[in-house]
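Everything on this sheet refers to the single structure shown next.
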């Protein structure tokens, strides 16, 4: 048989199948012998279905669709699952091959109408401001009826493929529906070939563009100068006074919440606890990189040493607030892409504090799994507060957030109204627990360790600072 004759037969077979598919979806008489069943038709009908799926997805996401290459493997994977299901069902019938071949051909023949129904549904979702405003709206009614029609057509596909066996057709349909729900639960929603550009994605692209433009080498070489200038703003302790020194450490550059938190905490402690001249922030963030030292282990160690050299080791207290992400193996995330920065471990932090010679330590760590820092840091002269237990996550991080849950409770809601640091941290545990219960999220279980010696020290420090700030004119009286 010549190539031309073969091609004409191939096109004729395809035309017959498509025509019979139209008859099937319009409930006109048709039977499995009317369809042309062979491997060529399975392939071409599948390609037609793929082309229609891509086209309808494109039209439903106008005017600015973006192509999603990840949809191709998802499409073929789900096709394979459907074929395997038909094969398994066919094994329960003695004529398994005819059922398998006929089922696949007829299913792909009727695919255009299925694609159209799904496409209309997606178009409605993409182009209607509130498509589910009323459960009885015309749009919702149309979608419900369309899916009922889809299921009837699928049942008819299996009914014809099984040579008019209603029970087998019903079992096949229910299996396919159940499989679809299971696939969605396990693998997620079907990946669309086209999607709308998300304004937030554009914002992310713009933000990462700024990172790509950053001169990482120059930034690192400038760190000694930036850090030195910041450390020069720290003033030595005043004789015969107990004072609070503060270091804020915002470790994760790509989420604004961490830099916002340490900025707020520093300003509040400067005003409320008289820490002005004794406070410094180390921050990883695009907008502060030229004037605030980076939050990395090297800068933190140098800052701790500087504070250790100018504070009275017996009288003054250091508060170190570290906020970022944390890992299950208790590593505090330090990230400012494209810089290669090292995370901080509890042991590394303990070594820095010991090398700086700082006696009285209030260490507050806001990160997931931060409870894992306690064991390595604990001592009689140390208080350690963490946003979560060693095996729990904490909440509130993100670019849009102003505070983490823990940072908000401690620095925004409680310490501005209480000089008793330990009492404020205990109240924060209760406040966060109540909030998590209200929001129905898993408890983060903030932890608090208070060394025997530092408990009395912080009590006297709070009373002294409160009397000095509120009674001695160091602060606006509205803070008292």
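Numbering (UniProt numbering), first residue to last: 1 to 480.
Backbone N, C-alpha and C fix where the C-beta goes; we use that ideal spot for every residue, glycine too.
Host beta strand (DSSP E) of residue i (start-end)
i	result
residue 414	It is not in any beta strand (DSSP E) - residue 414 carries neither H nor E in the DSSP assignment.
residue 431	It is not in any beta strand (DSSP E) - residue 431 instead sits in the alpha helix (DSSP H) that spans 421–439.
residue 366	360–366
residue 318	317–323
residue 450	447–450
residue 387	No beta strand (DSSP E) contains residue 387, which DSSP labels as neither H nor E.
Beta-bridge pairing of residue i - partner residues as DSSP gives them
i	result
residue 237	None; residue 237 has no bridge partner.
residue 280	247
residue 170	Paired residue(s): none; residue 170 is not in a bridge.
residue 67	194
residue 383	362, 450
residue 332	326, 344
Range covered by the alpha helix (DSSP H) that runs through residue i
i	result
residue 481	With the chain covering only 1 through 480, there is no way to say anything about residue 481.
residue 232	216–232
residue 42	39–60
residue 15	3–25
residue 301	297–310
residue 340	Here residue 340 belongs to no alpha helix (DSSP H), and DSSP marks it neither H nor E.
residue 350	346–356
residue 253	Neither: residue 253 is in no alpha helix (DSSP H) and is coded neither H nor E.
Exposure label - residue i; buried when at least 16 CB within 10 Å
i	result
residue 41	buried
residue 221	exposed
residue 132	Confidence at residue 132 is low in this model, with a pLDDT of 47, below 50, so its placement is unreliable and the value that follows should be read with caution. Residue 132 is exposed by the Cβ-count criterion.
residue 69	exposed
residue 281	buried
residue 462	buried
residue 209	exposed
residue 147	exposed
residue 315	buried
residue 144	exposed
residue 135	Here residue 135 scores only 49 on pLDDT, less than 50, and its place in the model should not be relied on; the value that follows carries that caveat. Label assigned to residue 135: exposed.
residue 177	exposed
residue 405	buried
residue 77	exposed
residue 288	buried
residue 407	buried
residue 274	buried
residue 17	buried
residue 374	buried
residue 260	buried
residue 161	buried
residue 266	buried
For residue j and residue i, believed in contact at Cβ under 8 Å, the rounded distance
i	j	result
residue 89	residue 171	7 Å
residue 245	residue 307	5 Å
residue 398	residue 255	6 Å
residue 409	residue 431	5 Å
residue 449	residue 347	Going by Cβ atoms, the distance from residue 449 to residue 347 rounds to 16 Å, so no, they are not a contact pair.
residue 482	residue 358	Shown here, the chain extends from 1 to 480; a query on residue 482 therefore has no answer.
residue 296	residue 334	6 Å
residue 262	residue 248	3 Å
residue 328	residue 369	6 Å
residue 304	residue 383	Wrong, their Cβ atoms sit about 16 Å apart, outside the cutoff.
residue 194	residue 75	The pair is not a contact, with the Cβ atoms about 13 Å apart (cut-off 8 Å).
residue 460	residue 242	7 Å
Sub-7 Å separation of residue i and residue j beta-carbons
i	j	result
residue 252	residue 325	yes
residue 447	residue 386	yes
residue 268	residue 301	no
residue 500	residue 299	Here the chain covers residues 1 to 480 and nothing more, so residue 500 does not appear.
residue 356	residue 371	no
residue 338	residue 216	yes
residue 250	residue 323	yes
residue 173	residue 150	no
residue 419	residue 456	no
residue 179	residue 84	no
residue 310	residue 236	yes
residue 425	residue 363	no
residue 44	residue 6	no
residue 453	residue 354	no
residue 167	residue 158	no
residue 35	residue 20	yes
residue 507	residue 233	A question about residue 507 goes unanswered here, because the residues of the chain that appear run from 1 up to 480.
residue 367	residue 411	no
residue 513	residue 238	Residue 513 lies beyond the stretch modelled for the chain, which goes from 1 to 480, so this question has no answer here.
residue 30	residue 24	yes
Heavy atom of the ligand ZN within 6 Å of residue i beta-carbon
i	result
residue 438	For the structure depicted, the ligand ZN is absent and the ligand set is empty, with no information on it obtainable.
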